[in-house]
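Q: Going down the list, the protein sequences come from chains A and B. Numbering (my numbering) for the first sequence: 1 to 789. Numbering (my numbering) for the second sequence: 790 to 1035. Here it is, the structure in full.
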Amino acid sequence: MISALDKKLFRDLLHMRAQALAIVAVIAAGVAVFIAEFTTLASLTESRAAYYERQRFAEVFAVCKRAPKSLAARIEAIPGVNVVQVRTVAEVSLDVPGMDDPAVGQMISVPEDRRPALNDVHIRDGRYIAPDAPGEVLAGEEFMAAHKLKPGDNIAATINGRKRKLTLAGSALSPEYIYVVRAGEFLPDKKRFGVFWMGERELASAFNMEGAFNDVTLKLAHGANEPAVIAQLDALLKPYGGIGAQPRAKQTSHWYLENELSQLRALGLAMPLVFLGVAAFLLNVVLSRQIATQREQIAALKAFGYSNVAVGAHYLKLVLIIATIGGAVGVASGAYLATLLAQLYSEYYHFPKLLYVLPPGVIVAGVGLSTMACVSGAMISVRAAAKLPPAEAMRPAAPGNFRPTFVERMGLQRWISQPARMILRQLERRPARAMLSVAGIAMSAAIFVIGFFFVDTIEYVIDVQFFRVQREDMSVTLFQPRQRGALHEIARMPGVLAAEPFRVAPVTLRVGHRSRQVGITGLTADAALHRVLDAQLRPIVLPPDGIVLSTKLGEVMGVAAGDALTVEVSEGARLTRQTSVAFLSDDFLGLSAYMELGALNRLLREGDSMSGAYLRVDPRLRDSLYSRLKAAPSVAAVSMKDTAITSFRETLAQNMMTITLINSFFAGVIAFGVLFNSARIALSERARELASLRVLGMTRGEISYILLGEQAVLTLVALPIGIVLGWMGAWAFCKYLIESELIRFPLIVSERTSALAAVVILVSAAIAGISVRRKLNRLDLVEVLKARE
Amino acid sequence: MTSGANPIVAPPQAAVFSARGITKVYRMGEVEVWALRGIDLELYGGEFVVLLGPSGSGKSTLLNILGGLDVPTEGNVRFLEHDLTAANERELTNYRRNHVGFVFQFYNLIPSLTATENVSLVTEISQRPMDPVEALKLVNLGDRVNHFPSQLSGGEQQRVAIARAVAKRPDVLLCDEPTGALDIKTGIVVLEAIERVNREMGTLTVVITHNSAIAAMADRVISLGDGRIQGVRHNTSKISAKELSW
């Protein structure tokens, strides 16, 4: 049997359903984001742990030039090393049927007769390579899917200068390539970069690596001292061109995934807190209004002998019901949102199976958090209801305490109409509520901006990277550095309009105990095709001496302009040289180092050598030039800028769209929730006043102006604040969640994003305004005036 | 009545309420309002008492204090063996719950509950309640039990309020201007209901009003003015509500 008081509760709730639903939506959004992010976090973390475990993902990774296999035993003898796996790893150029653009294959050697001891592949389709089937390879699942390749299909590869036909035995996944990205790039390009696993003997013989290896990965014993193992491994590999081992934390795929997880962790907490903060505020406003209109009911209840606790509990129950419905809707939609997110993640992160984990703890935490927020928001009102002295509740509340506003006190009242004065006084009378409304609306604008600025940033990066830095149409990389004369051969080819040489030298930079492996790019001082730009996007003229580092690299190495630097060259004669930092320059991607081409040549003690060229190309002859270059035996790789831009955009566009839509929706929910509730409360508080004005002869439009004008002022004040908050949020996002050695994004928020945020908020405001205006139109004058407030 | 020795008081039984020197001072912003300035009185079981006075005379304040809704600034109020002035919040709540029935000028019904449910609100928390429908029949609303307040006339709403007040079988029924918001015809119907409760259930009934015509139906009329008792009249022949007119 439901008690009469509970019946009152349900009917009250039904009566205020529109407002309750608006609050439920905000709570649900907060809980949904919390559930979705933490579910995804749990799913990714557990999937990764299981995957790493099952496929025996290594813990230490190192590359060298060419080391004898006998070294493996000495590596295994390092204290703390459990398993050693030595491999041959090399990049090859691929000819994929149906694709004119170049593709790059990362070839990794695997034993023919058994599975790899570490970094085992997971076969998705087809089978593992057969022991005596020359030319059989496994290919990354995403690459095969992108090209619609099936096991049994063939593709052609240029391996160490020789054309080979490869047969795809199966498609595979590897814990080493959960995030498949080519070294030095930061976005995956499924079509143009793929990972391949090939029989050890065959790959070794193709690259003259018989009895040798150029890649080693280790599994450590439990409790091993990782830095010590790395130091000993480095010492062993150094004579063989070792360039410093990396722990798993720095392994590319792992690093990206880990970065993503920490973003999820931060956003999974920050976003819901905003939503729940807004929900708490809305509940506070709605409940305090509810209690104000029910003063006499409260008095009656107390007069009949209901205790303060019973009255407080009655209103708290109302809050708990709203919180519970919001929580339930949030959990359900969060679980759904998590599947969307999982889909999104599976575009970037390849697991054999993305375990879907919805931990009960996450549900409890999400619902608990929302309930806590709601209760804390409502507590002030609930206490007020409980404490309301019954004799006082018998009397109607005293008229609100109004006074001339600040603007009027400044003597500006002549310019303010009577209705405008009412609006201003109303706002100034409840400054806390007005400020919180502004904060709520501003938050929704900020959420929108934070969700959208990434698109602007990406566009900016594309513009700078592809149109200001890389102005070439094509770049050609040679197998071996060659004399500058080679440039003329390339320049003479039909279709080449201009050619500039470049030299990339792999080195280890060292200052004190700090070191980083980077490539120094040498460009001519007057380079016009491929340029180095400063933060203001002005071309930098490379100095005749010294090295130019990206600001991030300078920071990592702890050096500034003028500081000395040791350069250990990782190729050729492996010289160790000294140079100094000319200056630092801002850039977005990776850790870059530049030198004037001549200066680099001198540093390397070589003649005027180059490792490739940037070309400007006649568009009509582009394809034929591409074919000719690819066929040239000395050319290792040709890349075309158009395809780079296209893939860059393709990868991002679709996913950004999903995220953006979700964010706009959430921003709209908050704005609508705040504005709708604030207008409904205002209507409830002022129905009498507005009806009186109607009786006095004001039109519906005029009283709407008084009521909705207040909401309009709140919205207009909130918008710029929200956009600025959005910028700050976006800045924090760039600075703390994205910035790393691999990527640095400038804070770019376009006018378009700010305008769109304003549009979303204004549309939400308009919808809220229209629904309240409809109520206002139905205002029953006689009834309102008759009823005792 | 101003003292127990007053010869015009012939107590039919022991005093239910006895008040000594009640003073009530409100602070309204910067001004002190003296609502009551030293009230002494006794109320007896089964009596029908009218507290008569103009607005601002302190009668509502007195009623609130008797009903345990408010406490006096000074003085002492006893209900049977309970000292209301020494009671804490919880004791006052229990006192209201178990002994007092309230009827308000503006009914104070819960608009979201039907007539029966409004009565149930009280019967659910009292110790020996009537059936809510029975209570409604007592005020001649047997055919309106499932109506919401908005579907009832003012007089009907006030009768629901009376049913709600008496359904707990209170020791005292306190009515604050029960006809204040009603026309004469409806007012008389409401007073008849109160009269019937007083007569049939023997409940001590206190009605406050500024309408001196109503005083004719009381056993005793206590006139209040300026926070003091101005006079006490004992009606030797009280008339029924039906015969009232104003």
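Cβ coordinates follow ideal geometry from the N, Cα and C atoms, glycine included.
Which partner residues does A/MET640 have in the DSSP bridge list?
A: Note: A/MET640 sits in a beta bridge opposite A/MET474.
Q: Assign A/MET16 to one of three DSSP states: helix, strand, or coil.
A: A/MET16 falls in the coil class under three-state DSSP.
Q: Suppose the cutoff is 7 Å on Cβ atoms and the five residues either side in sequence are ignored; what does the same chain contact list for A/LYS775 look like?
A: These residues qualify, in order along the chain: LEU683.
Q: Would you mind sorting B/MET919 into buried or exposed? The rule is 16 or more other CB atoms within 10 Å of its CB.
A: With 16 or more other Cβ atoms within 10 Å, it is buried.
Q: I need the DSSP call for B/ARG1009, collapsed to helix, strand or coil.
A: If DSSP states are grouped into helix, strand and coil, B/ARG1009 belongs with the strands.
Q: Under the rule that 16 or more other beta-carbon atoms within 10 Å means buried, what is A/ASN214, buried or exposed?
A: With 16 or more Cβ atoms within 10 Å of its Cβ, A/ASN214 is classed as buried.
Q: List, in order along the chain, the chain A residues whose C-beta lies closer than 8 Å to that of B/LEU902?
A: Neighbours of B/LEU902 on chain A, chain order: ALA4, LYS7, LYS8, ARG11.
Q: Is the region 509-516 of chain A touching the region 551-569 of chain A, taking contact as three or more C-beta pairs under 8 Å?
A: Because the criterion of three Cβ pairs below 8 Å is met, the region 509-516 of chain A and the region 551-569 of chain A touch.
Q: If distances are taken between C-alpha atoms only, which option among A/VAL81, A/VAL717, A/GLY726, A/ALA342 comes closest to A/ILE59?
A: It is worth fixing the name first, because residue 59 of chain A is Glu in this sequence and not Ile. Measuring from the Cα of A/GLU59, the nearest candidate turns out to be A/VAL81.
Q: Just how far apart, CA to CA, sit B/ALA799 and A/GLU296?
A: Low confidence applies here, because B/ALA799 scores a pLDDT of 43, under 50, leaving its location unreliable; read the following figure in that light. Using only the alpha carbons, I get a separation of about 38 Å.
Q: Along the chain, where does the beta strand (DSSP E) that runs through A/GLU710 open and close?
A: Note, A/GLU710: premise wrong, no beta strand (DSSP E); alpha helix (DSSP H) at 700-732.
Q: Apply the 10 Å Cβ neighbour rule to B/TRP1035 and answer buried if 16 or more other Cβ atoms are within range, or exposed otherwise.
A: So B/TRP1035 ends up on the exposed side.
Q: Looking at the C-beta of B/SER846, does it have a partner C-beta in chain A at a distance below 8 Å?
A: Output row for B/SER846: interface = no.
Q: Under a three-way DSSP split, which group does B/GLY793 fall into?
A: Confidence at B/GLY793 is low in this model, with a pLDDT of 38, below 50, so the placement of that residue should be treated as unreliable; the coordinate-derived value is given next. Correct three-state label for B/GLY793: coil.
Q: Does any residue of chain A have a CB that is nearer than 8 Å to the CB of B/VAL911?
A: Taking Cβ atoms only, chain A reaches closer than 8 Å to B/VAL911, which makes this a yes.
Q: Got a sec: is the Cβ-Cβ distance from A/TYR315 to anything in chain B below 8 Å?
A: Cβ-Cβ to chain B under 8 Å: no for A/TYR315.
Q: Pull up the DSSP beta-bridge partners for A/MET107, would you.
A: DSSP lists A/ALA90, A/PHE196 as partners of A/MET107.
Q: For B/ALA794, count neighbouring C-beta atoms within 10 Å of its own C-beta (all shown protein chains included) and say buried if the count is 16 or more, exposed if not.
A: Because the pLDDT at B/ALA794 is just 39, under 50, the model does not fix this residue reliably, and the value given afterwards should be weighed accordingly. The residue is exposed, with fewer than 16 neighbouring Cβ atoms inside 10 Å.
Q: Closest Cβ-Cβ distance between A/SER307 and chain B: below 8 Å?
A: Yes, contact with chain B.
Q: Taking a cut of 7 Å between CB atoms, which residues from the region 1014-1027 of chain B lie near chain A?
A: From the region 1014-1027 of chain B, no residue has a Cβ closer than 7 Å to chain A.
Q: At a CB distance below 7 Å, what residues from the region 265-298 of chain A approach chain B? Give them in sequence order.
A: Per Cβ criterion, the list reads GLU296, GLN297.
Q: Is it right to say B/ARG948 is buried, meaning 16 or more other beta carbons lie within 10 angstroms of its own, or is it exposed?
A: By the neighbour-count rule (16 or more Cβ atoms within 10 Å), B/ARG948 is buried.
Q: Could you work out which residues of chain B lie near A/PHE304, taking near to mean beta carbons separated by less than 9 Å?
A: Per Cβ cutoff of 9 Å: ARG885, ARG886, VAL889, GLY890, PHE891, LEU910, VAL911, ILE914, SER915, ARG953, ALA954, LYS957.
Q: What residues from the region 377-396 of chain A come within 8 Å of chain B, judged by C-beta to C-beta, listed N to C?
A: Residues PRO389, PRO390, ALA391, MET394.
Q: Return the residue from the list A/PRO352, A/GLY326, A/SER381 that minimises the CA-CA distance to A/GLY368.
A: Checked all of A/PRO352, A/GLY326, A/SER381; the closest Cα to A/GLY368 is A/GLY326.
Q: Check whether chain A comes within 8 Å of B/GLY969, counting only Cβ atoms and requiring the distance to be less than that.
A: By this cut-off, B/GLY969 is not an interface position.
Q: Whose C-beta lies closer than 7 Å to the C-beta of B/ARG886 among residues of the same chain, with five residues either side of it excluded?
A: Same-chain partners within the cutoff: ILE914, SER915.
Q: Hey, which unbroken runs of the alpha helix (DSSP H) at 4 residues or more fall wholly within the region 4-60 of chain A?
A: Within the region 4-60 of chain A, the complete alpha helix (DSSP H) runs of at least 4 residues are 4-15, 17-55.
Q: Please state the DSSP three-state secondary structure of A/LEU591.
A: Coil.
Q: So which residues of chain A does B/LEU920 contact, with C-beta pairs closer than 8 Å?
A: At residue 920 of chain B the sequence reads Asp, which differs from the Leu that was named. Chain A residues near B/ASP920: none, gap ~14 Å exceeds 8 Å.
Q: Specify the secondary structure class of A/ASN160 as computed by DSSP and reduced to three states.
A: A/ASN160: coil per DSSP, three-state reduction.
Q: Would you say A/GLU789 faces chain B, with C-beta separation under 8 Å as the test?
A: Residue placement at A/GLU789 is flagged as unreliable, the pLDDT there being 42, under the threshold of 50; the coordinate-derived value follows with that caveat. No, its Cβ sits nowhere closer than 8 Å to a Cβ of chain B.
Q: Could you please give the first and the last residue of the uninterrupted beta strand (DSSP E) stretch that includes A/MET610?
A: Its beta strand (DSSP E) spans residues 609-617.
Q: A/GLY194 and A/MET103 - do their beta-carbons sit closer together than 8 Å?
A: What sits at residue 103 of chain A in the sequence shown is Ala, not Met. Yes, these two residues count as a Cβ contact at 8 Å.
Q: List the endpoints of the continuous beta strand (DSSP E) containing A/GLU500.
A: Looking at the DSSP string, the run of the beta strand (DSSP E) that includes A/GLU500 is 496-511.
Q: With burial defined as no fewer than 16 other Cβ atoms inside 10 Å of the residue's Cβ, what is the status of A/ILE441: buried or exposed?
A: A/ILE441 is buried by the Cβ-count criterion.
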